[in-house]
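Protein chains: 2
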Amino acid sequence: MTVSSLAIASAALATDACDSCPIRHRAVCASCEGEELDRLAEMKTYRSWKAGDVIAMEGDELPFVASLVTGCASLTRTLEDGRTQMVGLLMPSDFLGRPGRRMAAYEVTAATDVTLCMFKRGAFEVMLADTPNVSRRLLEMSLDELDAAREWMVLLGRKTAREKVATLLAIILRRASNDAAPLRAQLPLTRDAMASYLGLTIETVSRQMTALRKAGVIELDGTRGIACHDLAALLTEAGDDEDGTFLS
Amino acid sequence: MTVSSLAIASAALATDACDSCPIRHRAVCASCEGEELDRLAEMKTYRSWKAGDVIAMEGDELPFVASLVTGCASLTRTLEDGRTQMVGLLMPSDFLGRPGRRMAAYEVTAATDVTLCMFKRGAFEVMLADTPNVSRRLLEMSLDELDAAREWMVLLGRKTAREKVATLLAIILRRASNDAAPLRAQLPLTRDAMASYLGLTIETVSRQMTALRKAGVIELDGTRGIACHDLAALLTEAGDDEDGTFLS
DNA sequence: AAGGCGCCTTGATGCAGGTCAAGCGACGTG
DNA sequence: CACGTCGCTTGACCTGCATCAAGGCGCCTT
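Protein chains in written order, with this note's numbering: chain A, 1 to 248; chain B, 1001 to 1248.
Here's what the structure looks like:
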């Protein structure tokens, strides 16, 4: 409403990680007009967690919805006997919390240090109801997540351990480095978290990582750093080396 | 707009499977007002497929969105080497097609005989844009599907073959019979489709079905009929019978 | 009636990935 | 410094499911 809040809004529009938008993405900001941005700016608060912190347990009251600003968080489901499967991996600009449902359906854990931009449910849902641009964007984001979940199901149901690990590494490498070989990244996940993502055990993940390294398709730098000159090789040739060239 | 179309709308409201609503569900119809129902009635057309028919291949142009009226259809993804994983199972009132994307992202196959209620994309999207009730309902449905996909991921990633089969049977039994033991159903899926759903082979599905029958937790009637007096037993005790009582 | 086909079941065997166990390097703490 | 812990790796072994193969049953066609 005031000149200063509009100035903040314009500044936000100049970056990809828009600061004033619940969905934290330029595509939305571009369609948010002044008044909406003002309302959002008044609703939001920030909060941070350390790597490993549990942000919410399954069944907890989650009195906010939020947009992930920095870091990486996971959604996991645990069966009665303790088996656990990751079912969501949130990266910056991803949305957390379901409008209209206060209970957390999954355990939410900070994989790395995390900052959330949080909105009180009441205010957010009022805004959703009378801001078609934002609700349409939220629908798009849900459908993108559904597509991602379906790709993930193919991975869980049909891929071999080596393909699983290669696929996950490729996803992370692509997100981290915007092209320009060699692709490099710091893994935001522990081996445990990777195993949970992939439906494998930690030992199998570890073995496949060293197998990929020995096959020459990736390089490891310490326990978190990875590099890859050829994503295609990672994804297709992974599992060759039949003559054992790299093992001798 | 006319008296007769309003009459049709009211009649539709009296049943759960609403005939005039793109989302085919009373919850939506209850929030759809007269004018919207009229517009929907003018947009829709019906079309049927036989069991086994391919409704759309991955990458096909899908010039409509639709609501599944009767029967059961599957979404599947196939890897380059032919491995295939089901990633969606549509039942009556489920929605098919993504607004804003004309390409089919998955192969759509009729599991049983199927009828779709179809809407031209252009008209549907115009209506979406200025009908908040319907677009909100579509968001809810997407989020429900996302939850279902995540349950499915737990199944694919962490459950044993026996648990997988038991879980699928329980889902079908619950949908088919509204309580009142013994639960009975005709499976809408072939063993092949079940294997595709579960990330297993057809042989393993078959073996687990007979194991569950021998353990006494289900009965089989021909190849498609199943019954179960005790869902809890199916889901928890599945895999016991350690002393072989039922095998002697 | 014979033959063929689609769908399902059952058996024998092999292997990918799980399980159990040991050890290693980095880091923090008394 | 010794010690414990945490995250990771590696090895040895085992098992659940895939694979390969055969056969049964219902149904259609000729």
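Note that the Cβ used here is the ideal one computed from N, Cα and C, for glycine as well.
Just so it is clear, the structure is predicted and the values come from calculations on it, not from any experiment.
Inspect the beta-carbon positions of Val1165(B) and Leu1200(B) and report whether they are closer than 9 Å.
Your numbering for residue 1165(B) matches position 165 in the second sequence. Your numbering for residue 1200(B) matches position 200 in the second sequence. Yes. Within cutoff.
Under 9 Å between C-beta atoms, does Val1087(B) make it to chain A?
Taking the second sequence and counting its residues from 1, one reaches residue 1087(B) at position 87. Yes, contact with chain A.
Helix, strand or coil for Tyr1197(B) per DSSP?
Taking the first residue of the second sequence as position 1, residue 1197(B) is located at position 197. Shown here, Tyr1197(B) sits in a helix according to DSSP, grouped into three states.
Close Cβ partners of Arg1098(B) (< 8 Å) along its chain, the five nearest in sequence each way excluded
Locating residue 1098(B) in the second sequence gives position 98, counting from the first residue. Leaving aside the five residues that flank Arg1098(B) on each side, the residues in its chain whose CB is nearer than 8 Å to its CB run, in chain order, Val1065 and Ala1105.
Grouping DSSP H, G and I as helix and E and B as strand, with all else coil, what is Lys214(A)?
Within the first sequence, the letter at position 214 stands for residue 214(A). Three-state DSSP puts Lys214(A) in a helix.
CB contact below 9 Å: Glu1107(B) versus chain A
For the purposes of this step, residue 1107(B) is taken as residue 107 along the second sequence, with counting starting at 1. Using a CB distance cut-off of 9 Å, Glu1107(B) does not count as an interface residue toward chain A.
Tell whether a beta-carbon distance below 9 Å holds between Leu234(A) and Leu212(A).
Counting from one through the first sequence, the residue named residue 234(A) turns up at place 234. Counting from one through the first sequence, the residue named residue 212(A) turns up at place 212. For Leu234(A) and Leu212(A), yes; Cβs fall inside 9 Å.
Could you tell me whether any Cβ in chain B is nearer than 9 Å to the Cβ of Asp147(A)?
By 1-based counting over the first sequence, the position of residue 147(A) is 147. With 9 Å as the cut-off, Asp147(A) counts as an interface residue toward chain B.
At a cut of 8 Å, does the stretch 1072-1085 of chain B reach the stretch 1128-1138 of chain B through at least three beta carbon pairs?
Between the stretch 1072-1085 of chain B and the stretch 1128-1138 of chain B there are fewer than three C-beta pairs closer than 8 Å, too few to call the two in contact.
Who are the near neighbours of Glu1219(B) in its chain, counting only those whose CB is closer than 6 Å to its CB and skipping five residues on each side?
For this step, residue 1219(B) is matched to residue 219 along the second sequence. Answer for Glu1219(B): Ala1227, listed in chain order.
Taking the alpha-carbon positions, what's the Leu1090(B) to Ala1073(B) distance?
Numbered from its first residue, the second sequence carries residue 1090(B) at position 90. Numbered from its first residue, the second sequence carries residue 1073(B) at position 73. Answer to the nearest angstrom: the Cα atoms are 5 Å apart.
In the stretch 119-153 of chain A, which residue ranges form an unbroken alpha helix (DSSP H) of at least 4 residues, counting only runs that do not cross its ends?
Inside the stretch 119-153 of chain A, DSSP marks whole alpha helix (DSSP H) runs of 4 or more residues at positions 121-129, from first to last along the chain.
Look at the Cβ atom of Leu75(A), then the Cβ atom of Ser93(A), and state whether they are nearer than 9 Å.
Against the first sequence, residue 75(A) aligns to sequence position 75. Against the first sequence, residue 93(A) aligns to sequence position 93. Annotated as distal: Leu75(A) and Ser93(A), with beta-carbon spacing of 9 Å or more.
9 Å is my cut-off, CB to CB: does Ala1227(B) come that close to chain A?
Taking the second sequence and counting its residues from 1, one reaches residue 1227(B) at position 227. At a cut-off of 9 Å between C-beta atoms, Ala1227(B) does not count as an interface residue with respect to chain A.
Using 8 Å as the cut-off, can you tell me whether the stretch 47-61 of chain A makes contact with the stretch 107-117 of chain A, which would need three or more C-beta pairs spanning the two stretches below that distance?
Using a C-beta cut-off of 8 Å, the stretch 47-61 of chain A makes contact with the stretch 107-117 of chain A, since at least three inter-stretch Cβ pairs fall below that distance.
Go ahead and pull the three-state DSSP assignment for Met1209(B).
The count along the second sequence starts at 1 and reaches residue 1209(B) at position 209. In this structure, Met1209(B) counts as helix in the three-state DSSP scheme.
Confirm, please, whether the CB-CB distance from Gly225(A) to Phe187(A) is below 9 Å.
If you number the first sequence from 1, residue 187(A) lands on position 187. If you number the first sequence from 1, residue 225(A) lands on position 225. Note that residue 187(A) corresponds to Leu in the displayed sequence, not to Phe. For Leu187(A) and Gly225(A), yes; Cβs fall inside 9 Å.
Can you tell me where the beta strand (DSSP E) with Ala1056(B) in it begins and where it stops?
The sequence position of residue 1056(B) within the second sequence is 56, counting from 1. Taken as a continuous stretch (DSSP letters only), the beta strand (DSSP E) holding Ala1056(B) covers Val1054 to Ala1056.
Secondary structure at Gly157(A), three-state DSSP: helix, strand or coil?
As a first step, residue 157(A) must be located in the first sequence, where it is residue number 157. Looking at Gly157(A) - three-state DSSP - the assignment turns out to be helix.
Can you list, in chain order, the residues of its chain whose CB lies under 6 Å from that of Asp1053(B), leaving out five sequence neighbours each side?
Taking the second sequence and counting its residues from 1, one reaches residue 1053(B) at position 53. Taken in chain order, the residues that qualify are Ala1110.
In this structure, does DSSP put Ala105(A) in helix, strand or coil?
For this step, residue 105(A) is matched to residue 105 along the first sequence. Note: Ala105(A) maps to coil in three-state DSSP.
Limits of the beta strand (DSSP E) - the one that Ala1181(B) falls within
Position 181 of the second sequence, counted from the start, is the residue given in the question as residue 1181(B). Premise fails: Ala1181(B) is in no beta strand (DSSP E) and is neither H nor E.
DSSP has Asp221(A) in a bridge; who is on the other side?
Stepping through the first sequence from its first residue, residue 221(A) is reached at position 221. Looking at the DSSP output, Asp221(A) shares a beta bridge with Gly225(A).
Measuring only between beta-carbons, confirm whether Ser135(A) sits less than 9 Å from chain B.
If you number the first sequence from 1, residue 135(A) lands on position 135. Taking Cβ atoms only, chain B reaches closer than 9 Å to Ser135(A), which makes this a yes.
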